[in-house]
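Residues in the sequence shown are numbered from 99 upward in steps of one, following this note's numbering.
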Amino acid sequence: MPERAAEDSPFWRYSLRFYALPDVAPACLVLQDEGGADVNLLLLLLFLAEANKQATPDDVRRLDAVIAIWREETVKPLRNLRRRLKAGVAGMPADKGEHLRNHIKRVELEAERIEQKRLEQEASSMTFVSSRSRAEAAKVNLAAYKAYLGSLPEDALKIILAAFTKSLPSPP
């Protein structure tokens, strides 16, 4: 299916594998909700690190610029609606909105795939500094993201970095 080509993307497959590692999903949510991180951009920086590519804060700024409007006008409103429906809205019991919530979750996931495809396209047109190791690249890339945002929750960053370091490199 051509419209689902992003599903077959190496970046998308990497993201699904990495996000499923123990403690990664909760740490990503902390970075998103408390630190203002875009999880897709964070995952891209780790995906680049798998290939020993280091990003600078300026690289992060460029990548973020290509997805910022999409994130703000599409992804975040879908996420916020899905979260509100979980608790129930305007006196509607949560179980009554569960079908709609699940549908919105699928649409939100598709919006995330579109964002990832755009990030992957932009990154493929960029030149990155080579690192001596994937672990070093991951540290540099997370530090660049932290510098770009101003700060990120340290404990969550440590969890992400530890998961990355313990995980095996992605298959080619």
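Yeah, the Cβ is synthetic: ideal placement off N, Cα and C, and Gly gets one too.
- Between arginine 180 and lysine 194, the C-beta spacing is not below 7 Å.
- Alanine 209 places its beta carbon 7 Å or farther from that of leucine 161.
- Its chain contains Leu247 as the residues whose beta carbon lies nearer than 7 Å to that of glycine 134, once the 5 sequence neighbours on both sides are disregarded; these appear in chain order.
- Cβ-Cβ distances below 8 Å link serine 249 to Gly133 in the same chain, with the five nearest sequence neighbours on each side left out; the list follows chain order.
- The C-alpha of proline 191 is placed about 30 Å away from the C-alpha of aspartate 136.
- In the structure shown, the three-state DSSP call for valine 187 is coil.
- A residue is called buried when at least 16 other Cβ atoms come within 10 angstroms of its Cβ; alanine 123 does not meet this threshold and is exposed.
- If you ignore the 5 residues before and after valine 187, its C-beta comes within less than 6 Å of no other C-beta in its own chain.
- In the three-state reduction of the DSSP assignment, serine 113 falls in the helix class.
- For leucine 139, the uninterrupted alpha helix (DSSP H) segment begins and ends at 137 to 148.
- Taken in chain order, the complete beta strand (DSSP E) segments of 3 or more residues contained in the region 170 to 227 number zero; there are none.
- Beta-bridge pairing by DSSP links glutamine 130 to no other residue.
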